[in-house]
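Structure, as structure tokens:
Number of protein chains: 2
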Amino acid sequence: MLLLFTSLSNPSNPSSPAFNLSTCKLVNLQTSSCNNCHPGALYHTLANDGKARAGVLCTDNGEIPTPAFMPVGTSATVKTLSPEEVENCGVKLILNNAYHLYLRPGTDIIKQAGGLHNFQNWRGAILTDSGGYQVFSLASLNKVSDEGVNFQSHLDGSFHFFTPECVIQLELSLGADIIMCLDVCSPYPCELPRAAVDNQRTLDWAKRCKTAFEQSNPVYPWRRFLFGIVQGSTYPEIRQISAQTLLDLDFNGYAVGGLSVGEPVTAFRDLAQFTVDLLPQHKPRYLMGTGTPEDLIAAIGMGYDLFDCVLPTRNARNGQLFTSTGKINLRNAQFADDFDPPDENCSCYTCQNFTRAYLRHLFAAEEILGLRLASIHNVFFFQQLMRRAREHIISGDYYPWLKTWLDNYAHCFDY
Amino acid sequence: MLLLFTSLSNPSNPSSPAFNLSTCKLVNLQTSSCNNCHPGALYHTLANDGKARAGVLCTDNGEIPTPAFMPVGTSATVKTLSPEEVENCGVKLILNNAYHLYLRPGTDIIKQAGGLHNFQNWRGAILTDSGGYQVFSLASLNKVSDEGVNFQSHLDGSFHFFTPECVIQLELSLGADIIMCLDVCSPYPCELPRAAVDNQRTLDWAKRCKTAFEQSNPVYPWRRFLFGIVQGSTYPEIRQISAQTLLDLDFNGYAVGGLSVGEPVTAFRDLAQFTVDLLPQHKPRYLMGTGTPEDLIAAIGMGYDLFDCVLPTRNARNGQLFTSTGKINLRNAQFADDFDPPDENCSCYTCQNFTRAYLRHLFAAEEILGLRLASIHNVFFFQQLMRRAREHIISGDYYPWLKTWLDNYAHCFDY
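Sequence order for the protein chains is A and B.
Numbering that gives the first Met the number 0 applies: residue 0 is where the first sequence begins, and numbers increase by one.
Numbering that gives the first Met the number 0 applies: residue 0 is where the second sequence begins, and numbers increase by one.
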């Protein structure tokens, strides 16, 4: 028996693939504020406050209010959490890693399962990265040519070859709603000549990805959207070339890559602002791999809509919780008899039901439940941050709120 | 702020400690079948089928239909599961280990938290073992005298001394509904002289436990019940002495210890039957540390009411699932493309939402969610087994059902 998970409702109808805007509740509710509504558009702006935007991504697997933070589900699971727990944190869009899933369990298994949504029983939307970042950071002996990249699996040393075309086919087979082009992410620091070569290859590959995407047949009965990735390391002139070329290719959305890779915070902020200003108003803007709460709300203030990072889940597994008054580490002995909730201002499952003392005990005893309860809190905290940011963009006081929020957070007693 | 968890309803009223039978729904519903109803009784038989009994344990933290299987929550958490998940599996009574909790986080912390129920946010009832089994199996350099047992912590090598009196105080401070006497569990095999000495010490300690229990002041506003433990290794004559002495001491319930410690299955079954026949009808009978589904339903057929074992949760974490047609191991490659639920006859959360292929992937990728989903299934499976057993005792066809169940289970393709 093949489990069909009928509860996973995909509102799309294969016989009428054109998106009907009337199904998008968020846009309908505030349609007068949306200045780029047209049938089939992925992104709609609902409010602006300075450069900050509140909007919605309309996918066939749900509407995602923006700004939005995607928890990372590397291997088709947001580590330690069930899909219901992720959903209950308010998440409507997760990121899965194409590289990891290609290697294990393999594309065929996920295709047989009916795609990633069915495989992991996730009722929301999914974005897959292209695997490019992992090929360059995790795999060994990777060798890039104009054609693609040869690499050895970090799991078993087996040899593989990714081309822009086969990565698009991989991502389409996985069945995400939003897929990313294969790119070359320059390391930091990076000399200008190498950054230019990496970027030119990224642009050549983006063009091939776009062609492969347009020529592909639908694998699943929901719409798929393709994002281009702006690279260019720390060089504004290369980032400008990158953005312009990608804009000419007309992607459904634009990501900014190659930041949050070790550069100083001032360089990160300058480059993030410079690059986002190159991107069009009517397309979603995704800052890849960011980040800390303070970087996220800064980037929202610059005009970014979409983010992903392993920070909330990875740090949770190390015992670090993000709270409204800063970070705390649950392993600290001072929490042994602290019967307050982890964050008094938080309404997540963990804070509503458990004390710091209990969580500290779970971490001390190396009990798996501790990793989960910490992950629930951190994922919720990041979603709550996005909700608050959105509310304040809509109410037009985003920047004063940002300052107040940072002041509280920077009390930040980092245990 | 001290979290009080008002949702954890303890129906007891400190000003009227006498238990009101009218609050016990299970007994009221079928009160005519209960031949030992009297106010304050912990256990009520509701149906007999041969030696098998269906009954109810009436605690101030909930009614527990019997036969009942207690999942083990060693360190105040049933490993990998949240309290809600344990509850959703149908569990109304869990076991926590006094030895582990005494060492970590320590009795004071749990007392400050308002007891074990509050500490771990468990809305059902709790039984704590005495720690005796762990002192003899886990701790090093343990040295027994008539007074008590000296041991070194398996965690940090620190020295500790358990007496029957201090163990009762420990368990009362932890706040369980049902607590166990400190006993000496003879190993297997065990020469008769040693078994006799161990048993005599167990009996001396039982008497001291009873006295300490009766002289203790209430720590929490719910009733506590004390169980004696029948020892005697593989020697029926010692078990007879043990049972008779404990019966004279009049405990709230009786446990049978020293079985499931490595003896052959025939010895286990003969001794389990011999010993349970020595116990009174109107008290609950607890077979400690058992066990496999086949041993559980055999023991229910002998007249046991209560069980605990780490088997469902420990085996789950090793990838082994108990299903209606036998055991399967999720790590097996044959499940890689098996899109059936783990057990087609199971209505647990895992079987309703995930496939064998997904679970196999989670285990292959060493994802923590896999351990949890497997644990949910196994805990549910054991609870379901108890529910079925109870139904068939009530309907009077327990033994034919047992045979049919075993036939299906013994198809038992053990991957």
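Each residue gets a CB set at the ideal place from its N, CA and C atoms; glycine is no exception.
For residue i, which residues from the same chain have a beta carbon less than 7 Å from its beta carbon, with the 5 sequence-adjacent residues on both sides left out?
i	result
H159/A	F150 and S152
D336/A	A356
V309/B	V71
E146/A	T162
N314/A	N377
A51/A	I299, G300, G302, I392 and Y397
M385/A	P66, A67 and F68
Q239/B	L277
P292/B	F321, L384 and Y408
Would you check if the distance between the CB atom of residue i and the CB atom of residue j is smaller than 8 Å?
i	j	result
A388/B	I296/B	yes
C184/A	G72/A	no
T233/A	L286/A	no
R207/A	E170/A	no
T106/A	L173/A	yes
F118/A	A112/A	yes
A53/A	L45/A	yes
G300/B	Y397/B	yes
D59/B	L126/B	no
F362/A	F68/A	no
T79/B	L370/B	yes
R122/B	P64/B	no
Y101/A	V134/A	no
N168/A	A211/A	Per the sequence presented here, residue 168/A reads as Gln, with Asn not at that position. In this structure, A211/A lies closer than 8 Å to Q168/A by Cβ.
A364/B	R193/A	no
D304/B	R330/B	no
I375/B	T349/B	yes
Mind pulling the chain A residues with CB within less than 8 Å of residue i?
i	result
D396/B	Chain A residues near D396/B: none, gap ~30 Å exceeds 8 Å.
P341/B	Result: empty, since nearest Cβ-Cβ is about 11 Å, beyond 8 Å.
I108/B	A335, D336, A356 and H360
N120/B	N352, F353 and Y357
Can you list the residues of chain B that residue i reaches, using a CB-CB cut of under 7 Å?
i	result
S74/A	A364 and E366
S81/A	L368
Residues of chain A with CB under 9 Å from residue i, in chain order?
i	result
Q111/B	D336, F338 and A356
K78/B	E366, I367 and L368
Could you name the residues of the same chain whose beta carbon sits closer than 6 Å to that of residue i, not counting the 5 residues immediately before and after it, in chain order?
i	result
N344/B	S323
P235/B	F273
P399/B	none
W204/A	P163 and L181
P311/A	N377, V378 and F381
M179/A	D128, S129 and F226
F267/A	L258
L278/B	Y253 and R284
Determine the chain A residues that contact residue i at a beta-carbon separation under 7 Å, and present them in chain order.
i	result
Q419/B	Nothing about residue 419/B can be reported from this structure: the residues present for chain B run from 0 to 414 only.
Starting from the C-beta of residue i, find all residues in its chain whose C-beta is less than 8 Å away, skip the five residues before and the five after it, and write them out in chain order.
i	result
S241/B	N198, T201, L202, V229, Q230 and G231
F353/B	P340, P341 and L372
Against residue i, what residues of chain B qualify as contacts under a CB-to-CB distance less than 9 Å, listed in chain order?
i	result
R103/A	H360, A363 and A364
Give a single yes or no on whether residue i has its beta carbon closer than 7 Å to a heavy atom of the ligand MN.
i	result
F321/A	Although the ligand MN was asked about, the structure shown includes no ligands whatsoever.
- [ ] Could I get the ranges of all uninterrupted beta strand (DSSP E) runs contained in the segment 94-137 of chain A, with 3 residues as the minimum, in chain order?
- [x] Secondary structure in the segment 94-137 of chain A: the beta strand (DSSP E) runs of 3 residues or longer, each lying completely within the stretch, are 124-128 in chain order.
TODO: Could you tell me which uninterrupted alpha helix (DSSP H) segments, each at least 4 residues in length, are contained entirely in the segment 264-334 of chain A, listed from first to last along the chain?
DONE: Counting only runs of 4 or more, we get 264-275, 292-301 and 310-316.
Task: Chain-ordered residues of the segment 361-384 of chain A with a beta carbon less than 7 Å from chain E - done: No chain E appears in the structure shown, which is made up of the protein chains A and B.
Open item on the list: As an exercise, report each continuous beta strand (DSSP E) stretch of at least 3 residues that is fully enclosed by the segment 54-96 of chain B, in chain order.
Closed with: Here the runs fully enclosed are 61-65, 67-72 and 92-96.
Task: Interface positions of the segment 194-223 of chain A facing chain B (Cβ-Cβ less than 8 Å), listed along the chain - done: Taking 8 Å as the cut-off between beta carbons, none of the residues of the segment 194-223 of chain A comes near chain B.
TODO: Taking only runs that begin and end inside the segment 181-229 of chain A, name each unbroken alpha helix (DSSP H) of 4 or more residues, in chain order.
DONE: Taken in chain order, the complete alpha helix (DSSP H) segments of 4 or more residues contained in the segment 181-229 of chain A are 191-214.
- [ ] Closer than 8 Å, Cβ to Cβ, to anything on chain A: give me those residues from the segment 320-333 of chain B, in chain order.
- [x] Against chain A - using a Cβ distance shorter than 8 Å - the segment 320-333 of chain B contributes no residues.
Open item on the list: Restricting to runs no shorter than 3 residues, where is the beta strand (DSSP E) found entirely within the segment 334-389 of chain B?
Closed with: For the segment 334-389 of chain B, not a single whole beta strand (DSSP E) run of length 3 or above is found.
TODO: Mind checking the segment 83-97 of chain B against chain A and listing, in chain order, the residues whose C-beta falls within less than 7 Å of any C-beta there?
DONE: Within the segment 83-97 of chain B, no residue has a Cβ that lies closer than 7 Å to any Cβ of chain A.
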